[in-house]
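Below is one structure, written out as structure tokens; the observations come after it.
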Amino acid sequence: MSTPALRQRRSGLLSRWPGRNNEGYLAALLLLVVAVMSAAAPAFFSLHTFFSVIRGATVPWIFAMGVLLVLVSGGIDVSFPAIAVFSAYSAVALTTARGVDAGLLGNFALAMAIGCLLGLVNGILIARFRLPTLIVTLGTAGFFRGAMITFVGATYIAQLPRSLAEQSTRSVISVNTEAGTTFLHVLVVPVLILTVLIALGLKHTMFGRAAYAIGGDPEAARRVGIPVQRTQVVLYVLVGALAAFGGMVFMIQGQAADPQMLIGIELDTIAAVVLGGASIFGGRGSVLGTVLGVLLVQVINNSLVLVGVPTAWQRATVGLLLLLGVGAQAWAGRRPRRAAPAAVKAPAVKAAA
Amino acid sequence: MDISPAPRPVLELRDIVKTYGGVHALDTVSFTLLPGEVHCLAGENGSGKSTLIKIISGVETPDSGVIVVGGERHASMTPASAIAAGVQVIYQDFSLFPNLSVAENIAMPRQRAVGGRFYSARAARPIAQGIVDELGLALDLDADVAALSVADKQLTAICRALVSDAQIIIMDEPTTALTGAEVTALFALVRRLQSRGVSLIFVSHKLDEVLRVSQRLTVLRNGTWVATGAAGDYDRDAIAGLMTGKDIDTSRVVSAVPADAAIALEVKGLGRPGAFADVDLVVRCGEIVGLTGLLGSGRGEIAEAIFGVRPATTGTIAVGGHPVRIQSIPDAVAAGIGYVPEDRLTQGLFLDDSIADNVVAASVTAFAGRARLLDRARMLAFIQSVASRLRIKAPNLSLAVRSLSGGNAQRVVLAKWLMTNPKVLLLNGPTVGVDVGSKSEILEILRTQASAGMGVVVISDDIPELYSACHRVLIVQGGRIVCELAGDAVRVETIEQRIAA
Ligand SMILES: Nc1ncnc2c1ncn2[C@@H]1O[C@H](COP(=O)(O)OP(=O)(O)OP(=O)(O)O)[C@@H](O)[C@H]1O
Ligand SMILES: [Mg+2]
């Protein structure tokens, strides 16, 4: 046992700051960026900016929830954009080709069912055959996109079914300002509900705790009787469903079904989640942190647009943010723990033999 | 006529066979556990004790044989079915979740097992607090397990197993990181559990400890059953003889070190607030110095400071007469200091890498030939020779370290640091979890290294071991060296008294 001096009882709200996954620092950083931008460009600090940040963040937000689930359980998923496109595009393409409109719920249900199926493919490959998650999802990502173009089609659908198209302009709140009307999109409502459900699920259900346990040590999880494989499969199915949902939202926002959409969004999403404190090594991460991470990436992207930074540099910035997130984790991980002393690989050693 | 029927066993294993890639880890082993008994499982490193335990707990599937638990026959168990049958295990490697809090590690598996679909951190706390209090521990329930010391991890694993109302509790070397008070508290709890009718299987290489708590004893050797009987019928030496098939020498063997031998390590006024202070230490070439004291006395912290894990804030360190500044592990390694850490399974090894890679991990740069390319042939030959000198028992050196038994893994850590040929070697619990036979071999290796001119510091609780190998023994209390024993003053009883003083 450690000496009493090292043993401090934590109590009170303040001593819990910055939170298990450094959410406090992240919130402070977010406020700082907002403050700096508002000072630099007064137009930035407006309801309009706020609503447009939320609108821009909606799709990454949904995907980030899926990525969080996977990271927590010790995996990584890069196939969610492919699943999103496959499910959303197929749902629309299949119904419009037959000249039917499945309705709002019907379209979402169809897309999410397809998403579940594709997630199931990932889950089975990963859990049953114990393959590395990055490789499996890289493989399936390519396969899903290819299969969709081969079997479903590759035509750009400019006209969404009416039930979906009419969602693109619906709002929950709309405000008239001197700059014109600005509104908060209706789709943030289901996203918020989903977010709360996921937060509760991760924190307060055995399923959620099992995901953390598996991310911490899969063998230890097996030994306490956690059904590791089943939990993993269910997780990937959930991620598939979330990806499909995100794909539908993206389509509604863009008012078209483009088979080439969502390329490269995996970087933004993973960067946001890792920045939000989820560990790429598994077992750590929170919904609050993830939401903050997504908002931070979105605010930074918006700010860069506002100050006129070219797109290429925006990509570079997101990459840097990912490195920053990982770096902060490595640094935080080294500091308070009783580091792993002898496990430094090959330090400089003078001649042995 | 009064023939009381033999009590029906709560657990029975019949003719269990388990092979790993053709090698028998267990060869037709049978075993019975009676209600309310403490049954000791003894055997050398790699004799199959942990494998037997994993078969009972459903972590491993036997190739053949029958398991009878609570009257039901099974060809194999699963972790869930074993837990449902009331089996709880404290695994040798703890099997905790490093990313979760102590409270959750203790309470969550139990809440799962009783069929809970929901988890409440608020409900978990009192459950964990209950068992922690019952054992009289001072565990920080909110800490992440990753941040705990080895001893606290072990205590967490113990609490986790005890918190469920188990009928059969299996402890695979539960005391490797504990000393004095904790062991006593654990044994008191073992007796209380026993009086409630719980049966326990206990594995330990500390034979005195084993004989203190157990009623029956089963000895395994090389995966085969050797003996079962009442614990009272055996003494230490008899058990050691059964385990190894030969006699073990535990007498004191120390070579003479000339008073003017060169100084390998000299430490002056070393201190770090809150951990230790005013530590002076001289280790001559050829000398083995023991450092002991109660858990939390600061002995481990002193060693970690010398190795730069958590550097000291005051004082000086000199190696081979040259002052060195040690702020980090690479500083210490460059100065010629080697360190075998306390928690070999998580700190000293890359469990998923091969034995050979682990052995060479700290010394690989020494094998750089021209153009910085590795001289593989020379390196492999060297690894082979060190591995055979330390008698690392493995089919081949390209296997992952994870597949080694605990004691053999310890030899890999030792081999890794001997490969760097340090001037000073610090060892924290070098023979923890090592069987009696290997223990005397490891001490012999240390003697050989010392004779070749190395300065050796052994941090240990194992007093017979300090007695057997150390020239001098230093006793740490409250972060200070309070006593030094040398020559004839190094006696088991003297050390025990001084530690407790
Ligand atoms: N997963 C595995 N793959 C290959 N071999 C294994 C595996 N697990 C165990 N073994 C081998 O089985 C044998 C028995 O190992 P086990 O861990 O049961 O020994 P043990 O009696 O517990 O030893 P110790 O006292 O050192 O812990 C050893 O030779 C070990 O190398
Ligand atoms: Mg073992």
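Line order of the protein sequences matches chains A and B. According to the UniProt record's numbering, the first sequence holds residues 1 to 353 in order. According to the UniProt record's numbering, the second sequence holds residues 1 to 501 in order. Yeah, the Cβ is synthetic: ideal placement off N, Cα and C, and Gly gets one too.
Residue burial classification, residue i (beta-carbon count within 10 angstroms, cutoff 16)
| i | result |
| --- | --- |
| S120 of chain B | exposed |
| Y156 of chain A | exposed |
| R376 of chain B | exposed |
| S64 of chain B | exposed |
| L200 of chain A | exposed |
| V100 of chain A | exposed |
| A230 of chain B | exposed |
| P4 of chain A | Only weak support is given to the placement of P4 of chain A: the predicted model assigns it a pLDDT of 38, under 50, and the question is left unresolved by the model. |
| Q497 of chain B | exposed |
| E493 of chain B | exposed |
| I499 of chain B | buried |
| G37 of chain B | Strictly speaking, residue 37 of chain B in this sequence is Glu, with Gly absent from that position. With 16 or more Cβ atoms within 10 Å of its Cβ, E37 of chain B is classed as buried. |
| R98 of chain A | exposed |
| G146 of chain A | exposed |
| V458 of chain B | buried |
| N176 of chain A | exposed |
Residue interval of the alpha helix (DSSP H) (run including residue i)
| i | result |
| --- | --- |
| F276 of chain B | No alpha helix (DSSP H) holds F276 of chain B; the beta strand (DSSP E) holding it covers 276-284. |
| V175 of chain A | Looking at the DSSP string, V175 of chain A is not in any alpha helix (DSSP H); the run it does join, the beta strand (DSSP E), is 171-177. |
| Y89 of chain A | 80-97 |
| Q497 of chain B | 492-500 |
| T49 of chain A | 47-72 |
| F143 of chain A | 133-147 |
| E72 of chain B | No alpha helix (DSSP H) holds E72 of chain B; the beta strand (DSSP E) holding it covers 72-74. |
| D208 of chain B | 207-213 |
| K153 of chain B | 150-163 |
| G437 of chain B | 436-451 |
| T269 of chain A | 265-275 |
| E301 of chain B | 299-306 |
For residue i, the first and last residue of its enclosing beta strand (DSSP E)
| i | result |
| --- | --- |
| Y91 of chain B | Where Y91 of chain B is concerned, there is no enclosing beta strand (DSSP E), given that its DSSP letter is neither H nor E. |
| T292 of chain B | 288-292 |
| N22 of chain A | That residue, N22 of chain A, is in no beta strand (DSSP E); it is neither H nor E in DSSP. |
| L425 of chain B | 424-428 |
| K18 of chain B | 11-20 |
| P323 of chain B | 322-324 |
| H185 of chain A | 180-185 |
| M171 of chain B | 168-172 |
| Y339 of chain B | 337-340 |
| residue 506 of chain B | Only positions 1 to 501 of chain B appear in the structure, and residue 506 of chain B is not among them; the question remains open. |
| C40 of chain B | 38-43 |
| A230 of chain B | 224-230 |
| Q477 of chain B | 472-477 |
- In the stretch 72-83 of chain B, which residues sit with their C-beta less than 9 Å from some C-beta in chain A, listed in chain order? T78, P79, A80, S81, A82, I83
- Message: Quick check on the contact list: which residues have their beta carbon closer than 7 Å to a heavy atom of ligand 2?
- Response: B:K49, B:S50, B:Q92, B:D172, B:E173, B:V203, B:S405, B:G406
- Check distances from the C-beta atoms of the stretch 461-495 of chain B to those of chain A and list, in chain order, the residues that come in under 7 Å. none
- Query: Hey, is the stretch 105-116 of chain A in contact with the stretch 88-95 of chain A, meaning 3+ C-beta pairs nearer than 8 Å?
  - Reply: yes
- According to a CB-to-CB cut-off of less than 8 Å, which residues of the stretch 70-91 of chain A neighbour chain B? none
- Item | chain A contacts made by the stretch 116-129 of chain B, where a contact means CB separation under 7 Å | G116, R117, F118, Y119, S120
- Item | Residues of the stretch 219-236 of chain A whose Cβ lies closer than 8 Å to any Cβ of chain B, in chain order | E219, A220, A221, R222, R223, V224, G225, I226, P227
- Meets three-Cβ-pair contact criterion under 8 Å: the stretch 426-441 of chain B and the stretch 215-232 of chain B: no
- Which residues, in chain order, does the stretch 182-213 of chain A contribute to contact with chain B at a C-beta distance below 9 Å? K203, H204, T205, M206, F207, G208, R209, A210, Y212, A213
- Message: Across the stretch 123-130 of chain B and the stretch 102-115 of chain B, are there enough close Cβ pairs to call them in contact, namely three or more that are closer than 8 Å?
- Response: yes
- Query: Just by C-beta distance, which residues in the stretch 281-299 of chain A are closer than 7 Å to chain B?
  - Reply: G283, R284
- Scan the stretch 377-399 of chain B for residues whose Cβ lies nearer than 8 Å to a Cβ of chain A and list them as they occur along the chain. R378, F382
- Item | Three or more C-beta pairs below 8 Å linking the stretch 79-88 of chain A and the stretch 276-294 of chain A | no
- Is there contact here, the stretch 123-135 of chain A with the stretch 225-240 of chain A, by at least three beta-carbon pairs under 8 Å? yes
- Task: Answer yes if the stretch 410-417 of chain B comes into contact with the stretch 18-25 of chain B, meaning at least three C-beta pairs across the two stretches below 8 Å, and no otherwise.
- Result: no
- Task: Indicate whether the contact test is met: 3 or more Cβ pairs, each with one atom in the stretch 233-241 of chain A and one in the stretch 305-317 of chain A, closer than 8 Å.
- Result: no
- Report yes or no: do three or more beta-carbon pairs, one from the stretch 316-330 of chain A and one from the stretch 261-280 of chain A, lie closer than 8 Å? yes
- Using 8 Å as the Cβ pair cut-off and three pairs as the minimum, do the stretch 386-402 of chain B and the stretch 350-361 of chain B touch? yes
- Task: Could you name the residues of the stretch 261-281 of chain A whose beta carbon sits closer than 7 Å to any beta carbon of chain B, in the order they occur along the chain?
- Result: none
- Query: Does the count of Cβ pairs from the stretch 88-105 of chain B and the stretch 187-195 of chain A closer than 8 Å reach three?
  - Reply: no
- Query: Got a sec: which bits of the stretch 99-114 of chain B sit with their beta carbon under 8 Å from any beta carbon on chain A, in order along the chain?
  - Reply: N99, L100, E104, M108, P109, Q111, R112, A113
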